[in-house]
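Just so we're aligned, residue 1050 is where the sequence shown starts under the working numbering, counting upward by one.
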Amino acid sequence: MAILSGLFGFVLVKEYVLNLNDNRWNMDHFLPSFEWHHTAEGETFLQHLYNGRTSGRKLFGILEKPFQSSNLEEVCYKLVFVGKTGVGKTSTINKVAGISAYSSYFETSGIRVTDVYWPVKVWDKIILFKLQCWDAGSSSMKKYNHIPLSCVDNADFFIFIFSFNDAQSFNELPQLINKFVTSRDNQPGSIVIGTRSMLKTEVMKSEIKDFESKQNIEVLTIQNSIYHSGPYETVKVAPLLNTICEKLWMRDQQYILKQGIKV
1050 MAILSGLFGF VLVKEYVLNL NDNRWNMDHF LPSFEWHHTA EGETFLQHLY
1100 NGRTSGRKLF GILEKPFQSS NLEEVCYKLV FVGKTGVGKT STINKVAGIS
1150 AYSSYFETSG IRVTDVYWPV KVWDKIILFK LQCWDAGSSS MKKYNHIPLS
1200 CVDNADFFIF IFSFNDAQSF NELPQLINKF VTSRDNQPGS IVIGTRSMLK
1250 TEVMKSEIKD FESKQNIEVL TIQNSIYHSG PYETVKVAPL LNTICEKLWM
1300 RDQQYILKQG IKV
């Protein structure tokens, strides 16, 4: 579990605490910038994520990193994708990782971990988020007891997936949320993502709004069936990745504040 690599997270929170009574400052100064990726600086950083031989993003190995700068802050988080079989957990991970969609469906065997790197600017500092996306097939989860335990162990964030074309997958969400999300301090963050593959839908907008109100959890949507290559691909996934990074950032900042910082 990352508490934003120690000193940097501490310094930002400390600065915030010192300025609580100063009207010139508010917490917005310490939130990730959603517009930074559209700047010249942001676009330059995103270029490091691409494979020069292809039009897509590069998949980095265990010992590889997209940036080799000692001044760049890096934080690592474990994200667990949860949902009914066939709702699009793997395709959602492929989407945020910049991997082209598979033409046919097959259930994930065992555990699949995909590292997604995403640079974010907070205040005047650029942070490289390493999002370790964990995906386990439903059959493997039921067959082997160690697999669900391995997935939830030290998880930082749960992403609950449902399909707009499968009402049952949406109706099962409250049970899944109650199972995985606890009330302990610094609990894992969570969001819900609805996948769309056809125009027809079994889940209405009114149901989504009612669910968000009752569960107090944000519902986002993603179109996994359409893959964009090149820089436009990151433009499409940036809002989702920025939202996840912001929620992780805010959770850790609030956790540090609760510990009682002496300034």
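Where is the CB? At the ideal position from N, CA and C, for every residue including glycine.
For clarity, every value in this text was computed on a predicted model and none was experimentally measured.
Check your understanding: Counting Cβ pairs closer than 8 Å, one from the region 1216 to 1226 and one from the region 1255 to 1265, do we hit at least three?
Key -> yes
Practice item. Can you tell me the Cβ-Cβ gap for residue 1182 and residue 1201, rounded? I've got them flagged as a contact below 8 Å. Key: No, residue 1182 and residue 1201 are not in contact; Cβ-Cβ is about 14 Å, not under 8 Å.
Practice item. Might you give, ordered along the chain, the residues of its own chain that have their beta carbon closer than 6 Å to the beta carbon of residue 1070, omitting 5 neighbours on each side? Key: The pLDDT assigned to residue 1070 is 44, lower than 50, so where the model puts this residue is not dependable, and the model offers no usable value.
Practice item. On the DSSP bridge assignment, give the partners of residue 1243 in chain order. Key: 1211, 1270
Practice item. Can you have a look at residue 1120 and say buried or exposed, based on whether 16 or more other CB atoms are within 10 angstroms of its CB? Key: exposed
Review point. Are the beta-carbon atoms of residue 1213 and residue 1132 separated by less than 8 Å?
Key: no
Check your understanding: Where do the N-terminal and C-terminal ends of the beta strand (DSSP E) with residue 1185 fall, by residue?
Key -> 1174 to 1185
Check your understanding: Using CA coordinates, which residue listed in 1135, 1162, 1172, 1174 is at the minimum distance from residue 1156?
Key -> 1135
Point to revise | Endpoints, alpha helix (DSSP H) assigned at residue 1031 | key: What the structure shows of the chain is the stretch from 1050 to 1312, and residue 1031 is not part of that stretch, so it cannot be assessed.
Review point. For residue 1091, which of helix, strand or coil comes out of DSSP?
Key: helix
**Study point:** Local conformation of residue 1282 per DSSP, three classes
**Key:** helix
Point to revise | Outcome for residue 1173 when other beta-carbon atoms lying within 10 angstroms are tallied against a minimum of 16 | key: exposed
Exercise for review: Determine, using beta carbons only, whether residue 1292 and residue 1271 come nearer to each other than 8 Å.
Suggested key: no
Check your understanding: What first and last residue would you give for the alpha helix (DSSP H) that runs through residue 1164?
Key -> Where residue 1164 is concerned, there is no enclosing alpha helix (DSSP H), although the beta strand (DSSP E) it sits in stretches over 1160 to 1171.
Check your understanding: How would you label residue 1140, buried or exposed, when you count the other beta carbons within 10 angstroms and need 16 or more for buried?
Key -> buried
Point to revise | Outcome for residue 1252 when other beta-carbon atoms lying within 10 angstroms are tallied against a minimum of 16 | key: buried
Point to revise | Environment of residue 1162 [buried if 16+ CB atoms lie within 10 Å] | key: exposed
Exercise for review: Could you work out which residue in 1144, 1228, 1138 is closest to residue 1187 when comparing CA atoms only?
Suggested key: 1138
Check your understanding: Cβ of residue 1083 within 8 Å of Cβ of residue 1097?
Key -> no
Exercise for review: Consult DSSP for residue 1102 and reduce its assignment to one of helix, strand or coil.
Suggested key: coil
Point to revise | Counted within 10 angstroms of its Cβ, other Cβ atoms place residue 1053 as buried (16 or more) or exposed | key: No answer about residue 1053 holds up, because its pLDDT of 47 lies below 50 and its placement is not dependable.
Exercise for review: Consult DSSP for residue 1131 and reduce its assignment to one of helix, strand or coil.
Suggested key: strand
**Study point:** Alpha carbon of residue 1189 to alpha carbon of residue 1125, nearest angstrom
**Key:** 26 Å
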